[in-house]
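Report on one structure; see the data block that follows.
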Amino acid sequence: EVILMNPDAIVIGFGLAMYGTASVLAVFALLKPFPKARLLSTLCMVLGLLAMVSIFVEHWMQEGDAFTIGRFESLACYAFLLTLAYVFLVRRRDTKLLAGLLAPLITIVLLLGGPMFVSEGDVSSHAHKLWVSVHVGSALVSYALFSLAAVVAVAYLVQDNNLKKKRLDGLFARLPSLEKLDGLLAW
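If you want this note's numbering, it's the position in the sequence shown, counting the first as 1, plus 1171.
Shown next, in the form of structure tokens:
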């Protein structure tokens, strides 16, 4: 007897595997400076993003309404926005380390959202209205920016602590300067 898996579940599984691999590589690059790990992490992140976006678009097409936003779509949008922040940070030389802190957060968000795709019930008729979608979209953007600010703040505190204790090697050498982190927080 052959058991056929849901194609959407396979694509979501692939996306989660890519994000998980990206997280492991990003943490590895965080602990040991290894440029190829950062490059592979970014590649895995982009592949995972493409898998999740394909599911997102396909789900929207099945619903027949671009403004249907359920729990899976909300968490996928949140992860998408965090991934954009990751790609932005990894491209800048002085903030690459912060990207390593974002990758595990994105993976956790997607792990929380994956099971919601298959257990999604009917979305209420209120969710089909444009203003609800605008509200949810703006909330997701604010969550993503808040998460990015939290990661930068943690890096700032670690860097400040390293500076006070005069630990000027290891992680200190790879984190952006306090001035740069302060600028990112003010941004």
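Glycine residues also receive a C-beta, built at the ideal position from the N, C-alpha and C atoms.
Subject >> Residues near Leu1349 in its chain [Cβ-Cβ closer than 8 Å; skip 5 each side] >> reply: Cβ within range, chain order: Tyr1327, Gln1330, Asp1331 and Leu1334.
Original post:
Using the rule of at least 16 other Cβ atoms within 10 Å of the residue's Cβ for burial, across every protein chain shown, is Met1189 buried or exposed?
Top reply: Result: buried.
Original post:
If you count every other CB in all the chains shown that lies within 10 Å of the CB of Ala1222, and 16 or more means buried, which is it?
Top reply: Ala1222 should be labelled buried.
Subject >> Per-residue DSSP class, three states only, for Leu1356 >> reply: The answer is helix: DSSP assigns Leu1356 an H, G or I state.
Original post:
Rounded C-beta distance between Met1216 and Ala1274? I'm assuming under 8 Å.
Top reply: Correct: roughly 7 Å between the Cβ atoms.
Original post:
Alpha carbon to alpha carbon, what distance is there between Ala1344 and Val1182?
Top reply: In this model, Val1182 and Ala1344 are separated by some 39 Å (Cα to Cα).
Subject >> Residue ranges of each alpha helix (DSSP H) within the region 1178 to 1229, 4 or longer >> reply: Those alpha helix (DSSP H) runs which fall completely within the region 1178 to 1229 and span 4+ residues are 1178 to 1202.
**OP:** Decide if Pro1347 is buried, meaning its Cβ has at least 16 other Cβ atoms within 10 Å, or exposed.
**Re:** So Pro1347 counts as buried.
Subject >> Spatial neighbours of Phe1205 in its chain, beta-carbon cut-off 8 Å, leaving aside the 5 residues before and after >> reply: For Phe1205, where only same-chain residues beyond five positions count, the Cβ hits under 8 Å are Phe1199.
Original post:
Relative to the C-alpha of Phe1243, which residue among Pro1178, Leu1352 and Val1228 is closest?
Top reply: Ranked by how close their Cα comes to the Cα of Phe1243, the residues Pro1178, Leu1352 and Val1228 have Val1228 in first place.
Subject >> Contact set for Ser1194: own chain, Cβ-Cβ below 7 Å, skip 5 residues either direction >> reply: Setting aside the 5 residues that flank it on each side, Ser1194 is surrounded in the same chain by Ala1274, Pro1275 and Thr1278, each with a C-beta closer than 7 Å to its C-beta; the list follows chain order.
**OP:** Leaving aside the five residues before and after Leu1252 along the sequence, list all residues of the same chain whose C-beta is less than 7 Å from its C-beta, in chain order.
**Re:** The residues are Leu1311, Val1312 and Ala1315.
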